[in-house]
Structures are given as structure tokens and as C-alpha cells.
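For reference, the structure is listed below as C-alpha cells.
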């Protein structure tokens, strides 16, 4: 392979790696938000904080939809990929694995697929970031305004 081919392969693999890292960071934040929302649900009085809990549940449902588009949450064992299709992050990761085999520049099909799948990923991430930057901030504000104690002991 020529130097140009190797540089093209390196750049391709690096771009895919960076996008996968972005997905994984976003998914970690999804898990964090869902965990905190679950904490709220178990610690708040359902009647007294009904509006707050409904808003939190809506956020949880919206980010779960996006999470499920980015990542196969049902796949737990080695056999599960047969039952549950791979999602966007696995498709991109597998493309990277295939592209890194051998010393050649990425094929036109690999580049086209990367561009197509990245466009889908970016759409999902943009929707997720919008929720993080608006709804999650609003939820934090509502929690503060409700003067909910962080630690609530059982009677």
C-alpha cells in the first residue's frame, strides 16, 4: 500500500473511533440521567410532586428511545445478536474492524456507508443533546425549586 493509502486508512479509522467515543460518552450520560430520574421516582411523594415526576418520566422515555436507536440494549449474551439486530454504534464499530484489516485505503463503499451511518448517528445525538441542554436543565431547575431533600430517610 502507498503512503497515501495508509494515511487515508488511518484518517478513516480515527474518524470512526472519535464518533464511537462520542456515542459512548452520550450513552454514559443517558445512563446517569435515567439513574437520577429513577432515584427521584423512588424518593418523591407521587401526589405532591406529580408534575415533576411526569416531566422526569417523559425525559426518561425520550432518551431511552434515542439510546435504543444508538445501542442494542437487549443484547446480553453471545447468542443475542441473532435475536436482536445490531444498532448504529455496532454498525460503525464493525465497519472500523473491517477497514482496519489489511493495508489499504477504505473502499468507496466503506466511505459511503460511514457517511450514511454517521449522518443517522448525528441526528440521534443532536436530539439527545437538545434534551440534555433543555429538558434536563429544566428538570434540575424544577427539582431545585421544589426544595426536595437530596437524602430522604424512611420514617
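In our numbering, the protein residues as written are 8 to 162.
All residues carry an ideal CB built from backbone N, CA and C; glycine is no exception.
For the alpha helix (DSSP H) that contains residue i, what are its first and last residues?
i: residue 80; result: Note, residue 80: premise wrong, no alpha helix (DSSP H); not H, not E.
i: residue 40; result: 10 to 50
Residues in its own chain within less than 8 Å of residue i by CB, not counting five upstream and five downstream?
i: residue 2; result: In the structure displayed, the chain extends from 8 to 162; residue 2 sits before or after that span and is not available.
i: residue 33; result: 77, 132, 135, 136
i: residue 94; result: 75, 76, 77, 78, 79
Could you name the residues of the same chain whose beta carbon sits closer than 6 Å to that of residue i, not counting the 5 residues immediately before and after it, in chain order?
i: residue 110; result: 8
Given a threshold of 16 other Cβ atoms within 10 Å of its Cβ, counted over all protein chains shown, does residue i qualify as buried or as exposed?
i: residue 56; result: buried
i: residue 113; result: buried
Are the beta-carbon atoms belonging to residue i and residue j less than 8 Å from one another?
i: residue 99; j: residue 37; result: no
i: residue 20; j: residue 106; result: yes
| task | May I have a chain-ordered list of the alpha helix (DSSP H) segments no shorter than 4 residues that lie completely inside the stretch 71 to 153? | result | 87 to 90, 95 to 106, 115 to 137, 144 to 152
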